[in-house]
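Heads up, the sequence shown is in this note's numbering, so the first residue is 4 and it goes up one at a time. No residue lacks a Cβ here, since even glycine has one placed at the ideal position from N, Cα and C. What you are looking at is a predicted structure, and each value in this text was computed from that prediction instead of being measured.
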Amino acid sequence: MDFEDRPSVVAVPQTSKALLGIYRNHKNIYNAVQYALACSLIQCVNDNYAYGRKGHIAKKYAWNKVCEHQLRELMKKHGILIPSVSRDSELELFEKPEASEDVQQLYYKVRLGKGMMTPGLTEQKVSQILSYKHRNVLEPFLDRMAYVNEGRPEAEKLNFRFHVRITNGFNVKNGCRAYSLAGGLVKESKKQDVNEESFEEYFRRTRNDEPVEYDVKGSVPRINRLVNSGVWDDWNVDPYSEMFPGFCTDPAKRKIAKDTYMLYEFEQSGLKIKSAVARKCPEFVKSEGGEEIRQTMEYWYEGVWKWQGDSLGSLAFLYEDAAYSKVDVALKKQGYGFIRKFDCWVFPKGHKPAEKDFRELVKNCVTAWYRTEYAKERDELEILESAGVRELRKHLF
Numbered sequence: 004m005d006f007e008d009r010p011s012v013v014a015v016p017q018t019s020k021a022l023l024g025i026y027r028n029h030k031n032i033y034n035a036v037q038y039a040l041a042c043s044l045i046q047c048v049n050d051n052y053a054y055g056r057k058g059h060i061a062k063k064y065a066w067n068k069v070c071e072h073q074l075r076e077l078m079k080k081h082g083i084l085i086p087s088v089s090r091d092s093e094l095e096l097f098e099k100p101e102a103s104e105d106v107q108q109l110y111y112k113v114r115l116g117k118g119m120m121t122p123g124l125t126e127q128k129v130s131q132i133l134s135y136k137h138r139n140v141l142e143p144f145l146d147r148m149a150y151v152n153e154g155r156p157e158a159e160k161l162n163f164r165f166h167v168r169i170t171n172g173f174n175v176k177n178g179c180r181a182y183s184l185a186g187g188l189v190k191e192s193k194k195q196d197v198n199e200e201s202f203e204e205y206f207r208r209t210r211n212d213e214p215v216e217y218d219v220k221g222s223v224p225r226i227n228r229l230v231n232s233g234v235w236d237d238w239n240v241d242p243y244s245e246m247f248p249g250f251c252t253d254p255a256k257r258k259i260a261k262d263t264y265m266l267y268e269f270e271q272s273g274l275k276i277k278s279a280v281a282r283k284c285p286e287f288v289k290s291e292g293g294e295e296i297r298q299t300m301e302y303w304y305e306g307v308w309k310w311q312g313d314s315l316g317s318l319a320f321l322y323e324d325a326a327y328s329k330v331d332v333a334l335k336k337q338g339y340g341f342i343r344k345f346d347c348w349v350f351p352k353g354h355k356p357a358e359k360d361f362r363e364l365v366k367n368c369v370t371a372w373y374r375t376e377y378a379k380e381r382d383e384l385e386i387l388e389s390a391g392v393r394e395l396r397k398h399l400f
């Protein structure tokens, strides 16, 4: 076999700053490497490779020859440049069978996440796979949404679909959040066009009453924490104060913490996160090399991970809507004429539940969802994931 037919060999230090910029903490880097190993994207050939003048130790991996070019391009896109340290003529070349088009065989290769490689798949196909993968959560959620929409004005009916955009084989944009036309109306305080109807004006016109909002503070981290640990914290717990200890001393800093968390949760580019933190938190950028901001980001990464667990990314919105739709059903059965805007319920001032009762209802609904529908999806995905890793060895893209 020719020299060029052999896969390259690279050293992958898990302390790499470039990798930390993508995976956020060392645990996520480790999990990513383990998943790549399980999927046969890489193969460990030396677990005690010494590199650099100071004798640093890293594991040495062989790329799967089939995927090497795509993986290198993906890393280059995120500023990760890992040079080959050798070519190993003893390595067996991974073969590439024909990719399967069966949804059940492909489900474990497709997830909600920007930057995901989706070679040979259309946007419609990705949506189909996502719908199959999350059917245990999606189907009862859509049934509840249809029930809540019955008899409602068109502007207040919730709509849901997976938003997927693929460019050059990469999933560059996606989302999945239920929305309504009424819920998307601009707030009165942000209205610029006098001829444009604000949400408050629409509510008064259709309810003949003032709107009162009950919302879930820190909904996305709460959903992450619920899915990862089964815990739904009391209303007096502020997730951002828990994840950014000692920082949220006033509303302005809490807003910075919230914005930074959203970047951690949904932004795949470490460079964008760093520039945003530097812009929002100039007090942390004191040294020429940006050492303070690097240390702050690593400290915050750790705080987020310790409190909520692994990041769900865009999947948090699917789980949020699925869980909160149980609240919608309960409120409709109790006769309340509410409008839900993502993680906020708006009631007429003259006909609303007591706030204490509302909070208890939300807690009961989301924990019931976690114990039943989410548990079913989790258990099935764990079983299918094990089978999927074995299949993936035979069905590489």
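- Residues Tyr217 and Phe341 of the same chain have their beta carbon placed closer than 6 Å to that of Trp348, with the five preceding and five following residues left out of the count.
- Rounded to the nearest angstrom, the gap between the Cα atoms of Glu203 and Gln46 is 58 Å.
- The residues Ala326, Tyr327, Lys329, Val330 and Ala333, in chain order, have a CB closer than 8 Å to that of Cys368 in the same chain once the five nearest residues on each side in sequence are set aside.
- Of the other Cβ atoms in all chains shown, fewer than 16 fall within 10 Å of the Cβ of Thr375; this residue is therefore exposed.
- C-alpha of Leu184 to C-alpha of Asp253: approximately 34 Å in a straight line.
- Selection Phe144, Gly233 and Val223 evaluated against Asp262 yields Val223 as nearest (Cα-Cα).
- A Cβ-Cβ distance of about 11 Å is found for the pair Met265 and Val307, leaving them out of contact under the 8 Å criterion.
- Using a Cβ distance threshold of 8 Å, Arg225 and Trp235 count as a contacting pair.
- A residue is called buried when at least 16 other Cβ atoms come within 10 angstroms of its Cβ; Glu157 does not meet this threshold and is exposed.
- In the three-state reduction of the DSSP assignment, Lys176 falls in the strand class, which pools E and B.
- Short of 8 Å from the beta carbon of Val197, and not among the five residues preceding or following it, lies no beta carbon of its own chain.
- Between the beta-carbon of Asn171 and that of Ser317 there is about 20 Å, and that puts the pair past the 8 Å contact cut.
- A residue is called buried when at least 16 other Cβ atoms come within 10 angstroms of its Cβ; Asp146 does not meet this threshold and is exposed.
- By the 16-neighbour rule on beta-carbons within 10 angstroms, Lys355 is buried.
- Shown here, Ala357 sits in coil according to DSSP, grouped into three states, outside any helix or strand.
- By the neighbour-count criterion, in which a residue is buried when 16 or more other Cβ atoms sit within 10 angstroms of its Cβ, Lys352 is exposed.
- Just so you know, the alpha carbons of Gly187 and Lys344 end up roughly 8 Å apart.
- Taking all protein chains in view, the Cβ of Lys359 is surrounded by fewer than 16 other Cβ atoms within 10 Å, so the residue is classified as exposed.
- Under the rule that a run must span 3 or more residues, the beta strand (DSSP E) segments found entirely inside the region 198 to 264 read 214 to 218.
- Phe350 has Val215 as its beta-bridge partners, per DSSP.
- As a beta-bridge residue in DSSP terms, Arg343 pairs with Trp348.
- Where Val167 is concerned, the enclosing beta strand (DSSP E) starts and stops at His166 to Thr170.
- Per DSSP, the continuous alpha helix (DSSP H) segment holding Leu141 begins and ends at Arg138 to Asn152.
- Annotated three-state conformation of Gln73 is helix, per DSSP.
- According to DSSP, residue pairing for Tyr182 in a beta bridge involves Asn162.
- A residue is called buried once 16 or more other Cβ atoms fall within 10 Å of its Cβ, and Gln311 is buried on that count.
- Counting along the chain, Tyr327 sits inside the alpha helix (DSSP H) bounded by residues Leu318 to Lys336.
- Taking Glu380 as reference, the option from Asn139, Ala39 and Asn67 with the minimal CA-CA separation is Asn139.
- Ile169 places its beta carbon less than 8 Å from that of Val129.
- By the C-beta density criterion, Ser232 is exposed, having fewer than 16 other C-beta atoms within 10 angstroms.
- One alpha carbon belongs to Asp241, the other to Phe163, and they sit about 29 Å apart.
- Trp372 has its alpha-carbon roughly 42 Å from the corresponding atom of Lys62.
- Across the structure, Ala181 and Tyr64 are spaced so that their CA atoms are roughly 42 Å apart.
- The residue from Thr299, Arg228, Lys190 and Gln37 with its alpha-carbon nearest to that of Ser314 is Arg228.
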